[in-house]
Amino acid sequence: MHDTQPLLADSDFPAIFRKPLEILQVNLGYLCNLSCTHCHVNAGPKRTELMSLATLEQVLAVAEAANIHTLDLTGGAPEMHPHFQYLVTKARSRGINVIDRCNLTILEDKRYAGLAEFLAEQQVEIVASLPCYLEENVDKQRGKGVFKDSLAALQRLNRLGYGQKLQLNLVYNPQDAVLPPDQQNLEQAYKQHLQQHYGIVFNRLYVMANMPIQRFGSMLVSQGRFDAYLELLRGSFKKDNLDHLMCLNTVSVDWQGSVYDCDFNQMLEMPLGAAAGRIHIGDVLPQILNGASIATAAHCYGCTAGQGSSCGGALETSRS
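In structure tokens, the structure reads:
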């Protein structure tokens, strides 16, 4: 796989600085039951990296000390971590909102029977990847049979109250090296199609730009399209998006406990605030993060291009 970090290092991206910490986004490991072409963490069934229980406890300690409002769990498939339910239960007992970034198909895996019911019982917010509402496109990007399993999982979640009293949001990624379409218009198309054809309801659709890193970035390099995509992102920069970037109030934690300004910087191994070396979650002092500089490179244009992109969808929509 091609390393895209050297291609991103030379950047004129504007300097940005932290606001008070509100969210911890925690990557529990790279183990996943899928191997999606757009995956920026290169997750898959053969990955063995998983966060230790001791590090999980440190995450909880920092979450409590910083009085964060949201614990955002990602992977891989975070639900495959052996202590996933322990972490969720502990966080919820402390009044912390928990987001599970779910690929949906894991809910149909017999090894994880009762998982959907557990998420509903704990009132976990689900952010679920569904890169299209058409079977052919989803299976092309994520693997044969993924679309049908995803629909079955969504219907299961609806029966448990998700999309109604419990929060269920879907995520769209473009199929190619293009900017995502208008989030509001695409959300309406998703809702109409899924309701009409499958009786599925959900709350919000988040559209996210593909980042030119890891598996997707390597594919672009192999195809000779990396520079063109990076120029598209840079040429679509909107200054207004800078004040709403997810890295301003979020710290990303990798499976080893190292901290970064965002999930994408984590994958590029760019330490928090462009520090000389890695900083561990156990050494983080939340009160001194406010006002600190954020490590940036050319991939950051992916979050500021067009309508903007974040783990909560388009930035334009979030500020309207």
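Quick note on numbering: the sequence shown equals residues 1367 to 1686 in the numbering used here.
By construction, the Cβ of each residue, glycine as well, lies at the ideal position given by its N, Cα and C atoms.
In the same chain as GLY1672, and ignoring 5 residues on each side of it, the C-beta atoms closer than 6 Å to its own belong to LEU1545, SER1602, in chain order. Rounded to whole angstroms, the separation of the alpha carbons of GLU1597 and ALA1640 is 24 Å. The alpha-carbon separation between CYS1669 and ILE1382 amounts to approximately 13 Å. A contact is defined here as three or more CB-CB pairs under 8 Å, and the segment 1434-1443 fails this definition with respect to the segment 1655-1665. GLN1391 is bridged by DSSP to ASP1438, SER1618. The beta-bridge partner set that DSSP reports for HIS1646 consists of SER1624. In this structure, GLU1682 is the residue among GLN1562, GLU1682, ALA1420, VAL1650 with its C-alpha nearest to the C-alpha of TYR1572. In this structure the segment 1545-1556 does not touch the segment 1508-1524; the number of beta carbon pairs closer than 8 Å is below three. With a beta-carbon spacing of about 17 Å, VAL1619 and VAL1493 fall beyond the 8 Å limit used to define contacts. Out of LYS1456, GLU1491, GLU1445, the CA that lies nearest to the CA of ILE1472 is found in GLU1445. Under the three-state reduction of DSSP output, ASP1629 falls in the helix class.
Within the model, the alpha-carbon separation for THR1421 versus GLY1623 is close to 6 Å.
Using a C-beta cut-off of 8 Å, the segment 1599-1613 makes no contact with the segment 1647-1656, since fewer than three inter-stretch Cβ pairs fall below that distance.
In the DSSP annotation of this structure, the continuous segment of the alpha helix (DSSP H) that includes SER1588 starts and ends at 1580-1588. The C-beta distance from LEU1416 to GLY1395 rounds to 4 Å, short enough to meet the 8 Å contact threshold. Between GLN1521 and ASN1503, the alpha-carbon positions lie close to 20 Å from each other. Judged by DSSP in its simplified three-state form, ILE1660 adopts coil rather than helix or strand. LEU1614 and ASP1606 have their alpha carbons spaced roughly 14 Å apart. About 7 Å separates the CB atoms of THR1436 and GLU1388; that is less than 8 Å, so the two are in contact.
The Cβ atoms of MET1633 and GLN1589 lie no closer than 9 Å to each other. Nearest in C-alpha terms to ALA1680, of all of ASP1548, GLN1562, ASN1576, is ASP1548. Secondary structure of GLU1491 (DSSP, three-state): strand. The Cβ neighbour count for LEU1500, taken over all protein chains shown within 10 Å, is under 16; the residue is labelled exposed. In this structure, the straight-line span from the alpha carbon of MET1577 to that of PHE1630 is close to 8 Å. Minimum Cα-Cα distance from GLY1461 among the listed residues ALA1429, LYS1604, GLU1474 corresponds to ALA1429. By the neighbour-count definition (other C-beta atoms within 10 Å, threshold 16), ALA1479 is an exposed residue. For VAL1464, the enclosing beta strand (DSSP E) has its first and last residue at 1463-1468.
The residue among GLY1648, ARG1570, PRO1497 with its C-alpha nearest the C-alpha of ASN1539 is PRO1497.
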